[in-house]
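Numbering-wise, the working numbering puts 125 at position 125 of the sequence shown, and it's gapless, one number per residue. Beta carbons are placed, not taken as given, at the ideal position from N, Cα and C, and that holds for glycine.
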Amino acid sequence: MRLVLFALFLTASFFSFGQIPGLHQHPAERAIRFPDLDSLLTLTADLHMHTVFSDGSVWPDIRVQEAVRDSLDAIAITEHLEYQPHQSDIPHPDRNRAWQVAEKSARPYSLIVIRGSEITRDMPPGHSNAIFIEDANKLLRDDPVEVFKEARRQGAFTFWNHPNWIAQRKDGVATMTGLHRQLIADTLLQGIEVVNDVTYSDEALQIALDYNLTLIGTSDIHGLVDWQYKVPEGGHRPVTLVFAEEKTPDAMKKALFERRTAVWFDNTLIAREREMLPLLNACITVEKAWYNGDSPVAYVTLANRSDAHFVLENLSGYTLHEHPDIVLLPPQSSLTLQVKTLEMKEDFLLKFKVWNAVTAPATHPVVELPVALDRG
Ligand SMILES: [Zn+2]
Ligand SMILES: [Zn+2]
Numbered sequence: 001m002r003l004v005l006f007a008l009f010l011t012a013s014f015f016s017f018g019q020i021p022g023l024h025q026h027p028a029e030r031a032i033r034f035p036d037l038d039s040l041l042t043l044t045a046d047l048h049m050h051t052v053f054s055d056g057s058v059w060p061d062i063r064v065q066e067a068v069r070d071s072l073d074a075i076a077i078t079e080h081l082e083y084q085p086h087q088s089d090i091p092h093p094d095r096n097r098a099w100q101v102a103e104k105s106a107r108p109y110s111l112i113v114i115r116g117s118e119i120t121r122d123m124p125p126g127h128s129n130a131i132f133i134e135d136a137n138k139l140l141r142d143d144p145v146e147v148f149k150e151a152r153r154q155g156a157f158t159f160w161n162h163p164n165w166i167a168q169r170k171d172g173v174a175t176m177t178g179l180h181r182q183l184i185a186d187t188l189l190q191g192i193e194v195v196n197d198v199t200y201s202d203e204a205l206q207i208a209l210d211y212n213l214t215l216i217g218t219s220d221i222h223g224l225v226d227w228q229y230k231v232p233e234g235g236h237r238p239v240t241l242v243f244a245e246e247k248t249p250d251a252m253k254k255a256l257f258e259r260r261t262a263v264w265f266d267n268t269l270i271a272r273e274r275e276m277l278p279l280l281n282a283c284i285t286v287e288k289a290w291y292n293g294d295s296p297v298a299y300v301t302l303a304n305r306s307d308a309h310f311v312l313e314n315l316s317g318y319t320l321h322e323h324p325d326i327v328l329l330p331p332q333s334s335l336t337l338q339v340k341t342l343e344m345k346e347d348f349l350l351k352f353k354v355w356n357a358v359t360a361p362a363t364h365p366v367v368e369l370p371v372a373l374d375r376g
């Protein structure tokens, strides 16, 4: 129990990203970086954002510049279809205009700019994003189901936005409705935001697992990314990690339909086990391992090739010479552990529960790291 409390204490203090000592990153290091998997690319994407073309505060080229600074692979421009508060100042009969401006300003970069729209309705169905659409104007339909059908006709990937939004769910609990069940059954809805802006929803994660929906995390940024996520202080925007065969819009769309995603939010990874375990094994690797002389205390250097500041609980069955059962593994760096193996081993297994990774509500994955010792 004390172990659990200790871990929870560390985890709880850890989840306040900006408060971790030593975690402050320099502006040059703001790029969001996670390693590729064995056979798939790990693409970073923010699939929900606004500009002055709906209720955002910036011109679309600023969204592109922010994404370039974060080294994102893709963004989706998703203006509200039905909510246009700046329309008297910025009339734009063509609802594709924000995407056109962003796409043009992104041409010098390798950033993919995806055309999208936010379908903005009362609950149910609440708000949803259709991305990879062909023409936003054709989505202007009164009947909400007809909008989803038009999006599907255009080949869009569609996800449920902020199902936990307090303006539409007073208790903050994402809850399925009959209309959502119908949209899913009719293949009109494929994903759900488990993270929107600064909120995370265990209930949305459970809905995703129950209904086989793609896990999505987005900024839904209206103001500035740097201010909202305290980037100068070491914060980061939420993104969806998309595990794609190549960096193209088609490969990304295919990966989204096949539910190959993880969410990176406030120093926490959220994914199904199917994606989480390969991702953790790509992030955390054993760089080298050796014994000094004839002491059976093994030195094991772990490398962390990701932005996550991992909170690891040692489940290996061996105690550590310099750590209690909790080990903090800083981002983009390496750490040498001293493992008391009691006898000289050729190899052994390190096992850690990863407290800042979530595969289901209150469920944290275990990463296994085979260690082979250098002798001599
Ligand atoms: Zn919304
Ligand atoms: Zn939005």
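Handout entry: Straight-line gap, D185 to P370 (C-alpha atoms, nearest Å)
Key = Residue identity check: residue 185 is Ala in the sequence provided, not Asp. Between A185 and P370, the alpha-carbon positions lie close to 42 Å from each other.
Exercise for the section: Kindly identify the DSSP beta-bridge partner or partners of S334. Expected result: By DSSP's assignment, S334 forms a beta bridge with A303.
Practice task
Check whether the Cβ atoms of Q348 and T341 lie closer than 9 Å to each other.
Solution key: Inspection of the sequence shows that residue 348 is occupied by Phe rather than by Gln. Cβ distance < 9 Å, so F348 and T341 count as in contact.
Problem - the region 356-363 / the region 200-210 touching (three or more Cβ pairs under 8 Å) - result: Because the criterion of three Cβ pairs below 8 Å is met, the region 356-363 and the region 200-210 touch.
Exercise for the section: Please specify which runs of the beta strand (DSSP E), each continuous and at least 3 residues long, are wholly inside the region 34-86, giving them in chain order. Expected result: Those beta strand (DSSP E) runs which fall completely within the region 34-86 and span 3+ residues are 41-46 and 74-80.
Handout entry: For D266, the nearest candidate out of D197, E245 and R305 (CA to CA)
Key = When only C-alpha atoms are compared, the closest one is D197.
Problem - Enclosing beta strand (DSSP E) for P370 [first to last residue] - result: That run of the beta strand (DSSP E) goes V366 to A372.
Problem - Run of the alpha helix (DSSP H) containing Y109, from where it starts to where it stops - result: Looking at the DSSP string, Y109 is not in any alpha helix (DSSP H), and its letter there is neither H nor E.
Exercise for the section: Taking only heavy atoms of ligand 1 into account, decide whether any of them is closer than 8 Å to the Cβ of H180. Expected result: Result no, Cβ not under 8 Å from ligand 1.
Practice task
Could you say which of H222, V195, V311 and P124 lies nearest to P144 if we only look at CA atoms?
Solution key: That would be P124, whose Cα lies nearest to the Cα of P144.
Exercise for the section: Output the distance between the C-alpha atoms of V58 and V173, rounded to the nearest integer angstrom. Expected result: The alpha-carbon atoms of V58 and V173 are separated by roughly 31 Å.
Problem - Opening and closing residue of the alpha helix (DSSP H) in which H127 lies - result: Annotation: H127 is outside any alpha helix (DSSP H); the continuous beta strand (DSSP E) that includes it extends over H127 to I131.
Handout entry: Counted within 10 angstroms of its Cβ, other Cβ atoms place L43 as buried (16 or more) or exposed
Key = By the beta-carbon neighbour count (other beta carbons within 10 angstroms, threshold 16), L43 is buried.
Practice task
List the residues that DSSP assigns as beta-bridge partners of K288.
Solution key: In the DSSP output, where bridge partners are listed per residue, K288 has T301.
Exercise for the section: Would you list the residues sitting across from V263 in a DSSP beta bridge? Expected result: Beta-bridge annotation (DSSP): V263 is paired with T240 and I270.
Practice task
Provide the residue span of the alpha helix (DSSP H) that contains I184, from first to last.
Solution key: Counting along the chain, the alpha helix (DSSP H) containing I184 begins and ends at G178 to A185.
Handout entry: Distance between I192 and A156 (C-alpha atoms, nearest Å)
Key = Cα to Cα, A156 sits roughly 14 Å from I192.
Practice task
With hydrogens ignored, establish whether the beta-carbon of N164 is closer than 8 Å to any heavy atom of ligand 1.
Solution key: Outside the cutoff, so no.
Practice task
Work out the CA separation of Q168 and D36 for me, nearest whole Å.
Solution key: Straight-line Cα distance between these residues: approximately 37 Å.
Exercise for the section: Please list, following the chain, all residues that have a C-beta closer than 5 Å to any non-hydrogen atom of ligand 1. Expected result: After applying the 5 Å Cβ criterion, the set is H127 and N161.
Practice task
For the region 273-293 and the region 77-88, state whether three or more C-beta atom pairs, one from each stretch, are separated by less than 8 Å.
Solution key: No contact exists between the region 273-293 and the region 77-88.
Handout entry: Cβ neighbours of P331 in the same chain (closer than 7 Å, five flanking residues each side left out)
Key = Correct list, in chain order: N304, S306, D307, A308 and H309.
Practice task
Answer yes or no: the CB of E118 versus the heavy atoms of ligand 2, is any distance below 8 Å?
Solution key: Relative to ligand 2, the nearest heavy atom lies less than 8 Å away from the CB of E118.
Handout entry: Euclidean distance between Cα positions of Q87 and H222
Key = When rounded, the distance between both Cα atoms is 16 Å.
Handout entry: Residue from F132, T261 and D250 whose Cα sits closest to the Cα of G217
Key = If you compare the alpha carbons of F132, T261 and D250 with that of G217, the shortest gap goes to T261.
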